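In order, the protein sequences belong to chains A and B.
Sequential numbering from 143 applies to the first sequence in our numbering.
Sequential numbering from 4 applies to the second sequence in our numbering.
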Amino acid sequence: GNSVTQMEGPVTLSEEAFLTINCTYTATGYPSLFWYVQYPGEGLQLLLKATKADDKGSNKGFEATYRKETTSFHLEKGSVQVSDSAVYFCALGGGTSYDKVIFGPGTSLSVIP
Amino acid sequence: DAGVTQSPTHLIKTRGQQVTLRCSPKSGHDTVSWYQQALGQGPQFIFQYYEEEERQRGNFPDRFSGHQFPNYSSELNVNALLLGDSALYLCASSRLSTGELFFGEGSRLTVL
């Protein structure tokens, strides 16, 4: 079945450092890929998404490119801020809206001043 | 525009009891999905409701059941609670046409 694997955390970075959180997936068909973020004390919210191969999702300075050949969707940000401290979840949805969204285990990011 | 609202926010039950959690979807959304999130883990899909029917189900026992009402709100019921059912239960709503999930803040269930 479909599954998502993420790099394990926690990840600790200094402010303005470069961030990469690796995500790979296993799926049949043509899934949509997502990154969700969970800030402390808040619910999950969609950060960015990509619906087909080679699409790049971007939001708030974060980017991720849907790579079908490597089955990856790595999250990157050029310069992190303290306010980016949160748990980041890579997720995979099926090719139709009926399909369930499957989440990875999450990667905790702490950014220190 | 209110987002996804869940109730109660916290509750404590004992083993063997039953619990009902409630969810009101975001305005304009017709699909509700429920997830279980254990501490330090990613959300696990329980089931999805659309047009008052269960459309998809994850790997959860029959003790977990749900319902969707004509106004699109939903309930999650768990019978014969086990200690392992302690978790944050998340409701997410979406429009079937887009599939993008909007989450509530969750109901934290503690089973003693």
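The beta-carbon is built from N, C-alpha and C at its ideal position, and this holds for glycine as well.
All values derive from a computational prediction rather than experimental measurement.
Considering only their Cβ atoms, is the gap separating residue j from residue i smaller than 8 Å?
i: valine 146 of chain A; j: tyrosine 167 of chain A; result: yes
i: phenylalanine 204 of chain A; j: leucine 175 of chain A; result: no
i: glycine 107 of chain B; j: leucine 93 of chain B; result: yes
i: cysteine 165 of chain A; j: glycine 248 of chain A; result: no
i: glutamine 21 of chain B; j: tyrosine 52 of chain B; result: no
i: phenylalanine 48 of chain B; j: isoleucine 244 of chain A; result: yes
i: alanine 95 of chain B; j: serine 36 of chain B; result: yes
i: asparagine 144 of chain A; j: leucine 217 of chain A; result: no
i: glycine 45 of chain B; j: glycine 185 of chain A; result: no
Residues in its own chain within less than 6 Å of residue i by CB, not counting five upstream and five downstream?
i: threonine 23 of chain B; result: Glu78, Asn80
i: threonine 154 of chain A; result: Ser252
i: alanine 195 of chain A; result: Tyr208, Lys210
i: glutamine 34 of chain B; result: Reading off the sequence shown, one finds threonine at residue 34 of chain B, where the question assumed glutamine. So the list reads Tyr53, Ser97, Leu99, once near-sequence residues are dropped.
i: arginine 25 of chain B; result: Ser10, Glu78
i: lysine 219 of chain A; result: Leu161, Gly203, Phe204
i: aspartate 197 of chain A; result: Tyr208
List the whole-angstrom C-beta distance separating residue i from residue j, where the pair is believed to meet the contact cut-off of C-beta under 8 Å.
i: tyrosine 75 of chain B; j: histidine 13 of chain B; result: About 24 Å; that fails the 8 Å criterion.
i: isoleucine 163 of chain A; j: glutamine 180 of chain A; result: No, isoleucine 163 of chain A and glutamine 180 of chain A are not in contact; Cβ-Cβ is about 13 Å, not under 8 Å.
i: glutamate 150 of chain A; j: valine 222 of chain A; result: About 18 Å separates the two Cβ atoms, so there is no contact after all.
i: phenylalanine 50 of chain B; j: arginine 66 of chain B; result: Not a contact, Cβ separation roughly 12 Å.
i: serine 250 of chain A; j: proline 173 of chain A; result: The Cβ separation is near 25 Å, so there is no contact.
Pick out whichever of the options has its Cα sitting closest to the Cα of residue i.
i: threonine 113 of chain B; options: B:Gln39, B:Lys29, B:Gly61, B:Thr8; result: B:Gln39
i: serine 27 of chain B; options: B:Arg111, B:Arg98, B:Ala5; result: B:Ala5
i: lysine 16 of chain B; options: B:Pro64, B:Asn82, B:Ala95; result: B:Asn82
i: serine 227 of chain A; options: A:Pro182, A:Ala233, A:Lys198; result: A:Pro182
i: glutamate 103 of chain B; options: A:Thr193, A:Ala169, A:Ala159, A:Arg209; result: A:Thr193
i: cysteine 232 of chain A; options: A:Glu211, A:Val253, A:Gly199; result: A:Gly199
i: leucine 188 of chain A; options: B:Gly109, B:Ser110, B:Phe105, B:Glu55; result: B:Phe105
i: glutamate 57 of chain B; options: A:Ser225, A:Ile254, A:Lys242; result: A:Lys242
i: valine 229 of chain A; options: B:Gln9, B:Arg18, B:Gly43, B:Arg25; result: B:Gly43
i: valine 224 of chain A; options: A:Ala169, A:Thr170, A:Pro255; result: A:Pro255
i: threonine 212 of chain A; options: A:Ala169, A:Phe160, A:Ala159; result: A:Ala169
Ordered along the chain, which non-local residues of its own chain (more than five positions away) have a Cβ less than 7 Å from that of residue i?
i: alanine 90 of chain B; result: Gln39, Gln40, Ala41, Leu112
i: leucine 190 of chain A; result: Trp177, Gly199, Ser200, Asn201, Phe204, Ala206
i: serine 68 of chain B; result: Asn80
i: aspartate 88 of chain B; result: Val81, Leu112, Val114
i: alanine 159 of chain A; result: Val222
Going along the chain, which residues of its own chain have a beta-carbon closer than 8 Å to the beta-carbon of residue i, five neighbours each way excluded?
i: arginine 18 of chain B; result: Leu84, Leu85, Leu86, Val114, Leu115
i: proline 73 of chain B; result: Glu55
Proximal residues, the region 26 to 43 of chain B versus chain A, C-beta separation under 9 Å
So the list reads Thr34, Ser36, Tyr38, Gln40, Gly43, given in the order they occur along the chain.
Using a Cβ cut-off of 9 Å, which residues of the region 178 to 196 of chain A contact any Cβ in chain B, in chain order?
Tyr178, Gln180, Gly183, Glu184, Gly185, Leu186, Gln187, Leu188, Lys191
Give the residues from the region 213 to 237 of chain A that approach chain B closer than 7 Å (Cβ to any Cβ), ordered along the chain.
Flagged, chain order: Phe231, Gly235.
Give, in chain order, every residue of the region 87 to 114 of chain B whose Cβ lies closer than 9 Å to some Cβ of chain A.
Leu93, Ala95, Ser97, Arg98, Leu99, Ser100, Thr101, Gly102, Glu103, Leu104, Phe105, Phe106, Gly107, Glu108, Gly109
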